[in-house]
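Here's the structure, in C-alpha cells; my notes come after.
Residue numbers (our numbering), protein chains in the order written: chain V, 503 to 771; chain S, 23 to 343.
Spelled out as C-alpha cells, the structure:
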C-alpha cells in the first residue's frame, strides 16, 4: 500500500515547506528554461557584444564624453545588454507563460507568488552579469580600455543593478500586451528607446530633437548613471537619475499589479 | 424567468464527514456595467472528505468559475468561498489541495521530473516522486521534455502535478475531455481510488454518464446557477432519457399524462415528448393515435436535458409561489 491509497499522515497545521528549496528550485528551473532556448541566450548576449565591436572597437581612436569611445560604450552597450536581458528574459517570458496558462496553474498551487518573480529577476540579473562580464572582457582586451579597479567594479555594479528597474518595465509590458505580440512590441519599444537614449551612438552626437526627448526615457537615466562611474555623464546629479529610474520602476510595477488583478477576470466557464 | 433550486429534491444535509471546501451564496460577476457577465449566481456548494462530487453542466455554465473560486484563482463578487475553513487564497489552505485545470500550458523546455519536483517543493509533505510517477502513469517519461510528449502524456503530467502535494482534496476541471474511452476509464478508477483513501474529489464534466459512473453526489449547474443536486440516481430520474418526436394530432395535455413523460411540446403538426424511458410513452402514444407518422426516438443532448430541468424548476417554483 502506498501513501496515495493509504490513510495519510497529515503535516501538523501551519507547517510550511522549505522556502529556500522553493526559491532554489524556481531559480534553477528559470536557468534551465533559458539555456534550453538558445535563441534567447544568443540574441541577448551576442547583440550588445557585436554592436560594441562594430560601433566601439572599430572607432577606438575617437572620444566621447571626454573618454575613449571604447570606454564610453562599455557603459552604453552594457546598459543596452542589461535592458535586453530584463525586457526579454523577464517581461517576454512572463507574457508567454501567462498566455500558456502556466501562471494559472501556479496560482492555484501553494507557490509563494514572490518566488516566481524573484526567480525571474534573479535570472535576468545573472544574465546581465554575464553580458557585462563578456563586454568587459572585450573592452579590456580588444578595446584597450584602462580604468582603475574601483571604476570597473562600480560600473559593473551599476549595470547589473539596472536589471531591476527594467525587469519592472518588462513585467508591465508582459501584462499589458498579449503573449504572442509581447516580443514584437518589446522590440518596437526597446530598439528606438535605446537609440534615443544614446545607447548606440553617444548622446552628444545625436540631433537636438532626440536629445531633448531622451530625459523622458528610462534608459537615458540608466546610461547616465553608468557613464557617471567614470565621469563621462552628460550632467545631472546621479541621485536625480536614480530617482527618475525609481519613479519609472514604481510606475511599471503599478501597471503590472493592475494587470495581475485584471487576469482574475479571465476565468469564464 | 424565476428559477429556484429549492424545489428540486436534494440529499439530506445531515452529514458528519468533515467539510473540506464550501461556497456559500457565491456569485461571480466579470466586467462591469452593461458588459457585466454573471458567470455564477448564488451558488451553495459543500465538499466533504471521502466524497466524489461531480459538477455537471454544459460549456460556459459556470463550472470553471466555481472551481476558480474554491481554489483561490478568483474571488466571489458576493458570498464566500472557504477551503479548510480558510480563504482559498491563503497558501496554508492551498497546501492541502491539488488542482488539474482544464487548459494549462506548461513550459516545454522542462523535463517531466523537473516539473514534478518544482511542484513538490511547494508542499510540506509531498508524495514521493516514485509514487507520483507511478500513479500518473509516467514511468519512463521522467526525463523527457514536456514539449516532446503526446497530448495524452502531457495530461498525465498535469495529473501528476495535481497529486504532487499528497492533497486531501483534489480538483479536476474536465479531466477526461478529449481523452479516448480507454484512458478515460483508467482515469475513473484512479479517481475512485483517491476517494477510497478518504480524500475529497471534485470533478467537473459535461458528460452525465461520467458523473453517474463516478460521483457520490452530482451538482447540476446551468447558466451560473445550481439547478439540481443529489445522488446520481436522483439526478438521472430528473433528466429525460429519450426524446420522442412524431407527426401526430395527440393534444399536449393528453401526452403529458402518458407514463414517464417529463415534458410535451407541440410544434405545428409535430409533437415532442421528453421521457425517462421511451417504451411506456411510445405504447401510449401509438395507442392514442393510429395515424401517427414520422416517429423518431433519440437520446437528448445534455443541453436539452438541462432545458428540461430548468423548465421544471421554473414551473415548480411558480406553482409553489
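In this text, a Cβ means the ideal position worked out from N, Cα and C, and glycines have one as well.
Inset, instruction - Identify which residue in S/165, S/132, S/213 has its Cα closest to the Cα of residue 195 of chain S. - result: S/213
Inset, instruction - Can you say whether residue 503 of chain V is buried or exposed, counting buried as having 16 or more other CB atoms within 10 angstroms of its CB? - result: At residue 503 of chain V the pLDDT is 43, less than 50, meaning the model places this residue with poor confidence; the figure from the coordinates comes in the next sentence. Flag for residue 503 of chain V reads exposed.
Inset, instruction - Verify whether the separation of the beta carbon atoms of residue 613 of chain V and residue 765 of chain V is less than 9 Å. - result: no
Legend entry - Three-way DSSP call (helix, strand, coil) for residue 280 of chain S in this model: coil
Inset, instruction - State the DSSP-derived secondary structure class of residue 665 of chain V, mapped to helix, strand or coil. - result: Note: residue 665 of chain V maps to helix in three-state DSSP.
Inset, instruction - Residues of the stretch 530–557 of chain V with a CB closer than 8 Å to any CB of chain S: list them in chain order, please. - result: 531, 534, 535, 538, 539
Inset, instruction - Verify whether the separation of the beta carbon atoms of residue 134 of chain S and residue 62 of chain S is less than 9 Å. - result: no
Legend entry - Start-to-end residues for the alpha helix (DSSP H) that takes in residue 156 of chain S: 151–157
Legend entry - Contact with chain V by residue 132 of chain S, beta-carbon distance below 9 Å: yes
Inset, instruction - Determine the burial state of residue 6 of chain S: buried for a count of at least 16 other Cβ atoms within 10 Å of its Cβ, exposed for fewer. - result: For residue 6 of chain S there is no data in the structure shown, the boundaries of chain S being 23 and 343.
Legend entry - Simplified DSSP assignment, three categories, for residue 679 of chain V: coil
Inset, instruction - Kindly indicate if chain V contains any beta-carbon less than 9 Å away from that of residue 123 of chain S. - result: Output row for residue 123 of chain S: interface = yes.
Legend entry - Within-9 Å CB hit, residue 673 of chain V to chain S: no
Inset, instruction - Note the first and the last residue of the continuous beta strand (DSSP E) segment covering residue 702 of chain V. - result: Bounds of any beta strand (DSSP E) do not take in residue 702 of chain V, whose DSSP letter is neither H nor E.
Legend entry - Nearest-angstrom Cα separation, counted from residue 148 of chain S out to residue 120 of chain S: 11 Å
Inset, instruction - Tell me whether residue 175 of chain S sits in a helix, a strand or coil according to DSSP, three-state version. - result: helix
Legend entry - Neighbour list for residue 607 of chain V in chain S, Cβ cutoff strictly below 8 Å: Taking a Cβ-Cβ threshold of 8 Å, the residues of chain S close to residue 607 of chain V are 121, 123, 126, 128, 180, 183, in chain order.
Inset, instruction - Give the residues from the stretch 273–296 of chain S that approach chain V closer than 7 Å (Cβ to any Cβ), ordered along the chain. - result: none
Legend entry - Coarse secondary structure for residue 517 of chain V, derived from DSSP in three states: coil
Inset, instruction - Please confirm if the stretch 659–675 of chain V is in contact with the stretch 745–761 of chain V, defined as three or more CB-CB distances below 8 Å between the two stretches. - result: Note that the stretch 659–675 of chain V touches the stretch 745–761 of chain V; at least 3 beta-carbon pairs, one per stretch, sit closer than 8 Å.
Inset, instruction - Express the C-alpha separation of residue 715 of chain V and residue 566 of chain V in angstroms, rounding to a whole number. - result: In this structure, the CA atom of residue 566 of chain V is about 20 Å from the CA atom of residue 715 of chain V.
Legend entry - Distance CB(residue 555 of chain V)-CB(residue 640 of chain V) smaller than 9 Å: yes
Inset, instruction - Say whether the stretch 255–269 of chain S touches the stretch 107–115 of chain S, bearing in mind that this needs 3 or more beta-carbon pairs closer than 8 Å, one atom from each stretch. - result: Output reads no: the stretch 107–115 of chain S does not touch the stretch 255–269 of chain S.
Inset, instruction - Give, in chain order, every residue of the stretch 591–605 of chain V whose Cβ lies closer than 8 Å to some Cβ of chain S. - result: Listed by position, the residues of the stretch 591–605 of chain V near chain S (Cβ gap below 8 Å) are 599, 601, 602, 603, 604.
Inset, instruction - Say whether chain S places a C-beta atom closer than 9 Å to the C-beta of residue 709 of chain V. - result: no
Inset, instruction - Return the first residue and the last residue of the beta strand (DSSP E) that residue 623 of chain V is part of. - result: Element bounds for residue 623 of chain V: not the beta strand (DSSP E) but the alpha helix (DSSP H), 615–643.
Inset, instruction - Rounded to whole angstroms, what's the CA-CA distance from residue 89 of chain S to residue 193 of chain S? Just pull it up for me. - result: 7 Å
Inset, instruction - Using a Cβ cut-off of 7 Å, pull out every chain S residue sitting near residue 613 of chain V, in sequence order please. - result: 144
Inset, instruction - Would you mind giving the Cβ-Cβ distance between residue 622 of chain V and residue 532 of chain V, rounded to the nearest angstrom? I have them listed as a contact below 8 Å. - result: 6 Å
Legend entry - Expected contact under 8 Å - CB spacing of residue 671 of chain V and residue 754 of chain V to nearest Å: 5 Å
Legend entry - Neighbour flag for residue 517 of chain V against chain S, beta carbons, 9 Å: yes
Legend entry - Residue-chain proximity (residue 610 of chain V, chain S), Cβ-Cβ < 9 Å: yes
Legend entry - Burial state of residue 651 of chain V, where buried means 16 or more other Cβ atoms lie within 10 Å: Under this definition residue 651 of chain V is an exposed residue.
Legend entry - Rounded Cβ spacing between residue 128 of chain S and residue 138 of chain S (contact assumed at less than 8 Å): Contact flag wrong, Cβ pair sits at about 11 Å.
Inset, instruction - For residue 255 of chain S, name the three-state secondary structure that DSSP assigns. - result: Residue 255 of chain S: helix per DSSP, three-state reduction.
Inset, instruction - Compare the C-beta of residue 260 of chain S with all C-beta atoms of chain V and state if any pair is closer than 9 Å. - result: By this cut-off, residue 260 of chain S is not an interface position.
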